[in-house]
Amino acid sequence: MAGALRKSTGLVGLAVAENPHERLRILYTKILGVLQNMPKDAAYRKYTEQTINQRFNLVQSETDVQKLQDKLNSGHIEEVIVQAENELSLARKMMQWKPWEPLIEEPPSDQWRWPI
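Sequence positions in the sequence shown follow this note's numbering and run 16 to 131.
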């Protein structure tokens with residue numbers, strides 16, 4: 016796998032990733048692990064799993080960092096790493112929030128009416 020080819024990302028506060036393939040592989044594996052604990056029919060799990068699997072397959076198949084960055088089409092590879100870190104954090108929060116469970120109480124009948 017190709018290492019860091021540049022000295023700067025050109026983005027303030029975002030350092031060049033030393034080994035982006037390894038970092039993304041670890042993050043995507045962790046995200047998929049968290050998603051496995053959610054119900055199979057949960058919307059968040061279905062759509063996030065689809066996206067992460069697509070990206071994970073690209074990470075595994077493309078060894079060149081620049082080509083991977085182009086195929087992912089999500090900015091610098093370092094930005095993709097930040098996105099994956101944020102997705103992992105959100106997946107863990109979703110496990111706590113359990114949005115797939117029914118509401119504890121019925122919402123007010125005029126909840127979606129506007130203006131009130």
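Glycine included, each C-beta is placed from N, C-alpha and C at the ideal position.
Here the alpha carbons of residue 120 and residue 73 stand approximately 43 angstroms from one another. Residues 42, 45, 46, 49 of the same chain have their beta carbon placed closer than 8 angstroms to that of residue 103, with the five preceding and five following residues left out of the count. In the structure shown, the three-state DSSP call for residue 91 is coil.
Taking the Cα of residue 68 as reference, the smallest distance to any Cα among 27, 87, 79 is reached at 87.
When 26, 21, 115 are compared, the shortest CA-CA separation from residue 94 is found for 26.
Taken in chain order, the complete alpha helix (DSSP H) segments of 4 residues or longer contained in the region 57-85 are 58-76.
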